[in-house]
Amino acid sequence: MNHLSIQLKGDLKPAKIRLTGSKSETNRVLLLQALYPNLSLINDSNAHDVEMMKRGLLQTSGTVDIHHAGTAMRFLTAYFASLEGASITLTGSDRMKQRPIEVLVDALIELGAEVSYLEHHGFPPLRISGKQLRGGRLNIRADISSQYLSALCLVAPRFSEGLELVFEGALTSIPYLKMTLKLLDAIGVETYLDSKGLRIAPMPEIESQSLSVESDWSAASYYFSILALSPVGTEMALSVLKNDSLQGDRVLADIYTEFGVETTFENEQHVVLRKSYQPQPRAYFFDLKDAPDIAQTIAVTAAGLGVECTMIGLHTLPIKETDRLAAMKTELEKCGLSVGISPNSLKVFARKSVLSSATIATYNDHRMAMAFAPLATLIPLEIQDPMVVEKSYPDFWKDLAVLGFDCSLQAD
Numbered sequence: 125m126n127h128l129s130i131q132l133k134g135d136l137k138p139a140k141i142r143l144t145g146s147k148s149e150t151n152r153v154l155l156l157q158a159l160y161p162n163l164s165l166i167n168d169s170n171a172h173d174v175e176m177m178k179r180g181l182l183q184t185s186g187t188v189d190i191h192h193a194g195t196a197m198r199f200l201t202a203y204f205a206s207l208e209g210a211s212i213t214l215t216g217s218d219r220m221k222q223r224p225i226e227v228l229v230d231a232l233i234e235l236g237a238e239v240s241y242l243e244h245h246g247f248p249p250l251r252i253s254g255k256q257l258r259g260g261r262l263n264i265r266a267d268i269s270s271q272y273l274s275a276l277c278l279v280a281p282r283f284s285e286g287l288e289l290v291f292e293g294a295l296t297s298i299p300y301l302k303m304t305l306k307l308l309d310a311i312g313v314e315t316y317l318d319s320k321g322l323r324i325a326p327m328p329e330i331e332s333q334s335l336s337v338e339s340d341w342s343a344a345s346y347y348f349s350i351l352a353l354s355p356v357g358t359e360m361a362l363s364v365l366k367n368d369s370l371q372g373d374r375v376l377a378d379i380y381t382e383f384g385v386e387t388t389f390e391n392e393q394h395v396v397l398r399k400s401y402q403p404q405p406r407a408y409f410f411d412l413k414d415a416p417d418i419a420q421t422i423a424v425t426a427a428g429l430g431v432e433c434t435m436i437g438l439h440t441l442p443i444k445e446t447d448r449l450a451a452m453k454t455e456l457e458k459c460g461l462s463v464g465i466s467p468n469s470l471k472v473f474a475r476k477s478v479l480s481s482a483t484i485a486t487y488n489d490h491r492m493a494m495a496f497a498p499l500a501t502l503i504p505l506e507i508q509d510p511m512v513v514e515k516s517y518p519d520f521w522k523d524l525a526v527l528g529f530d531c532s533l534q535a536d
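What follows is the structure, given as structure tokens:
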């Protein structure tokens, strides 16, 4: 396994970092493009997960292995189940075989799909025989990953009766579901959402059109963290980020204001980040139920600043690429922090001593590598298996080097 030595040499260099399209949004548009071939896509992501999605959509028979790509697993399950004539074995990495998918499979079966488990009930790999689904009304738990709901919504316009979902419980990660519905709205599909449920109207065909994918706010989070750990007055530009973004992680611009980072939207092409003041050593609290993917970044930021920070709404993190709550506790404690976790929360206690340089394990999780990287603003770090970042942001280490970080890849 390779590892990467990383440390900021001198001051942060002024630069503009161009972020590629959002992985979450790209995967949604790719599925819609498979349903409606006259839909074109602009500014797609270059993430490995997106490549897995593209490859999967090219097949109608045989085995599709999506490796660690969780979004592709959920979306392709719904796609192949509703693709008449498809005959697919859908599988992934060992970790993917531990990530539950029963809620989505049960919903598809209730709608008439033919899906079965090949190893353990409730988990991939899956055997899928695609057929035209009628759709209709369906009760479904709403307090689960929004990807299950998005998967159903994305294929629902091709159901002969569309789809009506009746929610049982409170919605999780609402912005991601709203992203899905806004993309459907953009191509002319009629949608409706309230606290009780949603409806998707049938849409056999759409007019020829293009959708432009926004740049990735999740990727932007690591630069917000770097700025928060930098001296007052430090600036950086990022493109292309929208103020009125569809992405739930857009909230990080508001959150990082509390850590002294000011965000200025200069136009539709880029934003300027500036460390405007040094935050006070107080206790911070954030409910991230609508943006759990930025929890790791915020935890590392708090660790670097030495402040107490509690985050809740994180019940989906244990079933991600790794158990992210347990992994964060282990790796932050290597750096000299005290960390508490529960099934729904993570708390970083105020640091009582200097940060310790450490070798950070990444657990096959791209966000572990990227979330910890900003600490190299303050201390030298070793990042194990650094190329795990290819899952969502292949150019991450190159972009950090542009800012003045010494990123040296070493073979173990």
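When we follow the working numbering, the leftmost residue of the sequence shown carries the number 125, and every step to the right adds one.
C-beta atoms are modelled at their ideal positions from N, C-alpha and C, and glycine is treated no differently.
Only a predicted model underlies this, so the values are computations on that prediction, with no experimental measurement involved.
The residues L479, S480 and A482, in chain order, have a CB closer than 6 angstroms to that of C459 in the same chain once the five nearest residues on each side in sequence are set aside.
The DSSP assignment places complete alpha helix (DSSP H) segments of no fewer than 4 residues inside the stretch 358–421 at 376–379, in order along the chain. The residues V227, in chain order, have a CB closer than 6 angstroms to that of I268 in the same chain once the five nearest residues on each side in sequence are set aside. N167 is positioned such that its CB atom lies no closer than 9 angstroms to that of S349. DSSP places H172 inside the alpha helix (DSSP H), whose first and last residues are H172 to L181. With respect to L289, I311 sits apart: the two C-beta atoms are not nearer than 9 angstroms. Contact between L276 and A231 holds, with the beta-carbon distance rounding to 6 angstroms and staying under 8 angstroms. Around the CB of A535, fewer than 16 other CB atoms lie within 10 Å, so the residue is classed as exposed.
For the options E238, S462 and A525, the alpha carbon positioned closest to that of D135 is the one of A525.
Separation of H172 and A423 (C-alpha to C-alpha, rounded to the nearest whole angstrom) is 25 angstroms.
When only Cα atoms are considered, E208 and L214 end up about 16 angstroms apart.
Residue pairing by DSSP places L132 opposite F529 in a beta bridge. If you draw a 10 Å sphere on the C-beta of V512, you find 16 or more other C-beta atoms in it, and that means buried. Annotation for C433: the continuous beta strand (DSSP E) segment containing it runs E432 to I436.
Taking the Cα positions, N367 is about 19 angstroms away from L305.
Excluding the 5 residues flanking it on each side, L308 has same chain C-beta neighbours closer than 6 angstroms at T315, in chain order. DSSP places N263 in the uninterrupted beta strand (DSSP E) bounded by G260 to R265. Taking every protein chain shown into account, the CB of H244 has fewer than 16 other CB atoms within 10 angstroms, so this residue is exposed. Contact between the stretch 233–240 and the stretch 252–264 is present: three or more C-beta pairs spanning the two stretches fall below 8 angstroms.
Of the candidates P518, C531 and F410, C531 places its Cα closest to the Cα of P504.
The Cβ atoms of A485 and M492 lie closer than 9 angstroms to each other.
N391 has its alpha-carbon roughly 27 angstroms from the corresponding atom of L163. For T213, the uninterrupted beta strand (DSSP E) segment begins and ends at S211 to T215.
Out of A474, E386 and G286, the CA that lies nearest to the CA of M327 is found in G286. Taking 9 angstroms as the cut-off, the Cβ atoms of L461 and L438 do not count as close. Sequence-distant partners of R142 (beyond 5 residues in either direction) whose C-beta falls short of 6 angstroms from its own C-beta, in its chain, are S363. According to the DSSP assignment, E234 belongs to the alpha helix (DSSP H) that extends over E226 to E234. Under DSSP, L287 forms a beta bridge with G260 and I324. Look at H127 here: in three-state DSSP terms it is strand. When the Cα atoms are used, I212 and F204 turn out to be separated by approximately 7 angstroms.
Judged by DSSP secondary structure, Y316 falls within the beta strand (DSSP E) whose first and last residues are T315 to D318. Straight-line spacing of the CA atoms in P518 and T144 works out to 10 angstroms.
Residues R448, L449, A450 and P467 of the same chain have their beta carbon placed closer than 8 angstroms to that of P442, with the five preceding and five following residues left out of the count. Under the three-state reduction of DSSP, D189 is assigned to strand. Using a C-beta cut-off of 8 angstroms, the stretch 395–407 makes no contact with the stretch 178–186, since fewer than three inter-stretch Cβ pairs fall below that distance.
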